[in-house]
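>
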Amino acid sequence: MGVPHGIRRGPIEGVSRCARRALIVWVYAGTASVETAATMTTLSAGQVALVAAGLRYRIRGDEDAVVIPVELPVDMACPAVVRTAVAVLPDSLRLRLLFEFAQNLGYLKHDATRTDFVRALAAEIIAAQEDAVPVLVVPQPHSEEATAVAATVMADLSVNRSVAELAGIAGASVRTVQRRFRAETTLSVSRWITRVRLNEAIALIARGRSLQFAAHSTGYPGASELIRAFRAETGTTPAAALARESCSEVAKISLADPGVPENETWRNINRGDIFLWVVTGRATVTAGGVTTAVGAGQGVVLPANVAVHVAMAPQTLVLPLGFRYPDDAELFDSVRALTVVDLSDFGAADLLRTAVSTYTQVAVPGSRHDDIFRVLTEERIIARVPVWSGAGEGRSGSSPESLPEVLSRQRHNYVRRMTLARILLAQGKSPTETARTLRYAHAAAFTRAFATAHSMTPKQYSEIAHSQPGPVMVGKRINVPPRYSLLVDPGATG
């Protein structure tokens with residue numbers, strides 16, 4: 218059977234990157250490899266591997282492979298090992314792990330209590346590798362200043378720079394950099410640098426390099442200084458650690474299936490059209506006051522510049538497949554449509570590959586974020602319901618009078634601002650920076666508006682967003698559109 222139109226096939230090529238958090242790599246289909254500084258582990262369909270925070274890794278897969286990366290909460294200090302820990306995932310847990318991946322993408326409301334499953338899963342993977350060579354856990358920072366410092370350090374580990382010099386390169390004060398590192402990695406800047414260097418050193422030694430070479434490559438004057446630093450952090454020497462025999466047994470996971478809980482999205486106004494796929498269950502989609510039910514095997518296009526909300530019953534999973542940006546005339550001047558599409562003739566593996574390629578670094582080369590929109594042929598469209606954005610008052614287009622719950626321009630702008638606020642806070646901007654970027658008169662006005670919309674302060678939201686995987690998994694920072702309206706939000710004055 219041929220590949221459905223709009224689905225791109227080919228080998229999986231993930232870029233080499235440093236795991237900002239502990240990561241479960243799940244091979245849903247086909248065969249793939251996880252390459253770290255010291256080893257390359259081959260995984261077959263149904264297997265999962267654990268990559269600890271701070272390790273540099275790369276994922277590759279054959280043309281049939283579907284590889285799903287699932288980031289773990291930042292406080293999960295999973296012990297790293299030179300040999301990658303591997304386990305077999307029971308079929309009964311596949312849907313729940315897909316839900317964990319969905320939470321990584323940041324479109325569901327945060328729930329800090331939903332971590333028991335991934336914690337238990339990581340623990341069972343680790344159990345099979347408890348005698349492996351230890352590597353220090355190094356969580357990655359997420360704020361702009363701390364990320365700039367981390368990038369400078371990792372660009373050349375042989376160069377020793379003071380914290381003051383690193384802060385100057387990042388354009389921040391020493392106090393700011395130290396505070397950000399403590400909050401985001403639980404480590405001081407100097408200890409974070411030490412752990413990064415020791416991880417690289419043990420990887421070099423595991424590949425056959427000498428102690429002297431590893432020391433000079435990672436900024437230590439000689440082998441004795443490297444050994445002293447490694448012993449201080451791990452309680453053993455590099456030679457003693459590498460003398461251990463790594464356990465070769467593949468772990469067997471015995472967790473009970475917790476199911477997929479009821480969940481929902483925030484009310485969003487997106488600048489692009491979003492293509493969603495209902496994997497299983499039934500979702501209720503509301504756009505511009507129009508509500509429709511979408512069932513398993515169906516897709517729905519959420520139109521840009523329209524207030525949208527998706528509610529999911531228990532055991533319902535919804536994944537985004539892609540997005541596109543309409544041109545300005547279509548975005549701002551016309552009535553948009555909520556479009557329901559039949560995807561029943563698509564294989565789950567092909568649709569999952571599309572979602573992963575669009576929203577993570579594990580992509581099919583050449584894939585684009587709008588590939589999936591090529592499936593919008595007339596024979597697949599089940600329904601196309603016009604909706605009204607509320608932002609086009611005074612512009613050309615159909616009248617919204619016949620549609621329910623039309624947003625005023627002010628309310629529309631408020632929902633759009635809150636959408637952008639969540640994105641910016643998740644990217645690491647402070648509440649004050651976010652208020653300034655969104656052009657609030659002062660931070661207190663922004664805090665009041667945000668608390669009204671979310672029943673929590675911006676600071677509380679930031680803490681939740683940074684403790685859980687979120688919408689910055691792809692690694693690209695999202696900027697506020699230059700044409701963003703400056704209308705005043707409810708609660709933003711005074």
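Using our numbering, the first residue of the sequence shown is number 218, and each one after it goes up by one.
Think of the CB as a built atom: it goes at the ideal place given N, C-alpha and C, for glycine as much as any other residue.
Does the pairing of the segment 483-491 with the segment 631-641 give three or more beta-carbon distances under 8 Å?
yes
> Whose C-beta lies closer than 6 Å to the C-beta of Pro455 among residues of the same chain, with five residues either side of it excluded?
Ile419, Ile422, Phe447
> Between Thr509 and Thr503, what straight-line distance do the alpha-carbon atoms span, to the nearest angstrom?
7 Å
> What is the DSSP secondary structure of Leu404, counted as helix, strand or coil?
Per DSSP, reduced to three states, the secondary structure at Leu404 is coil, with no helix or strand assignment.
> For Glu288, count neighbouring C-beta atoms within 10 Å of its own C-beta (all shown protein chains included) and say buried if the count is 16 or more, exposed if not.
buried
> Less than 8 Å between C-beta atoms, sequence neighbours within five positions excluded: which residues of the same chain meet that for Ala262?
Result list for Ala262: Val244, Tyr245, Ala246, Gly247, Thr248, in chain order.
> When the Cα atoms are used, what is the spatial distance from Ala339 to Ala302?
10 Å
> Run the CB neighbour count on Thr669, radius 10 Å, all protein chains shown included, and call it buried at 16 or more, exposed below.
exposed
> What do you reckon, are the CB atoms on Arg225 and Val527 nearer than 7 Å?
no
> In or out: Met529 buried (at least 16 other Cβ within 10 Å) or exposed?
By the neighbour-count definition (other C-beta atoms within 10 Å, threshold 16), Met529 is a buried residue.
> Under the assumption that Ala468 contacts Glu341 (Cβ atoms under 8 Å), give the Cβ distance between them as a whole number of angstroms.
6 Å
> Would you mind stating whether Leu443 and Ala457 have Cβ atoms separated by less than 7 Å?
no
> Specify the secondary structure class of Glu252 as computed by DSSP and reduced to three states.
strand
> Quick one: measure Cβ to Cβ for Val283 and Val517, integer angstroms, because I've assumed they're closer than 8 Å.
Rounded, the Cβ-Cβ distance is 22 Å, inconsistent with contact.
> Starting from Asp559, trace the beta strand (DSSP E) both ways and give me its first and last residue.
553-559
> Hey, Thr253 and Arg273 are a contact pair by Cβ (cut 8 Å); roughly how many whole angstroms apart?
7 Å
> In chain order, what residues of the same chain lie with their CB nearer than 6 Å to the CB of Glu382, ignoring the 5 residues before and after it?
A distance below 6 Å between beta-carbons, with the five flanking residues on each side excluded, links Glu382 to no residue of its chain.
> Using only alpha-carbon positions, find the residue among Pro290, Ala440, Asp328 that is nearest to Leu337.
At residue 337 the sequence reads Ala, which differs from the Leu that was named. Answer by Cα proximity: Pro290.
> Given a cut-off of 7 Å on the beta-carbon distance, is the pair Val507 and Val592 in contact?
In this structure, Val592 does not lie closer than 7 Å to Val507 by Cβ.
> What residue from Pro478, Thr364, Thr636, Val335 has the CA that sits closest to Tyr324's CA?
Thr636
> The alpha helix (DSSP H) that contains Glu450, what's its start and end?
For Glu450, the enclosing alpha helix (DSSP H) stretches over residues 440-451.
> Which runs of the alpha helix (DSSP H) spanning at least 4 residues fall entirely within the segment 384-430, listed in chain order?
391-402, 406-423
> Can the beta-carbon of Ala652 be found less than 7 Å from the beta-carbon of Ala643?
no
> What are the start and end residues of the beta strand (DSSP E) that includes His526?
Annotation for His526: the continuous beta strand (DSSP E) segment containing it runs 524-529.
> Output the distance between the C-alpha atoms of Gln395 and Gln677, rounded to the nearest integer angstrom.
Pairing Gln395 with Gln677, the inter-Cα distance amounts to about 21 Å.
> Is it right to say Thr571 is buried, meaning 16 or more other beta carbons lie within 10 angstroms of its own, or is it exposed?
Classification of Thr571: buried, given that the 10 Å Cβ count is 16 or more.
> Can you tell me whether DSSP reads Leu536 as helix, strand or coil?
strand
> Looking at the unbroken beta strand (DSSP E) that takes in Met257, where does it start and where does it end?
257-261
> Sort His586, Thr393, Thr533 by Cα distance to Leu312 and report the nearest one.
Thr533
> Specify, as a first and last residue, the run of the beta strand (DSSP E) that Gln264 falls within.
264-268
> Considering Cα atoms alone, identify which of Arg234, Arg585, Phe563, Arg553 is closest to Met371.
Arg234
> On the premise that Ile343 lies in contact with Val579, defined as a C-beta separation below 8 Å, what is that separation, rounded to the nearest angstrom?
Between Ile343 and Val579 the Cβ distance is about 22 Å, and since that is not below 8 Å, they are no contact.
> Just verifying my parser: in three-state terms, what is the DSSP assignment at Arg499?
strand
> Do Ile470 and Pro358 have their CB atoms nearer than 7 Å?
Cβ distance not < 7 Å, so Ile470 and Pro358 don't count as in contact.
> Distance, Cα to Cα, Pro286 vs Tyr576?
11 Å
> Could you pull the DSSP bridge partners for Trp494 from this structure?
Gly516, Leu536, per the DSSP bridge assignment.
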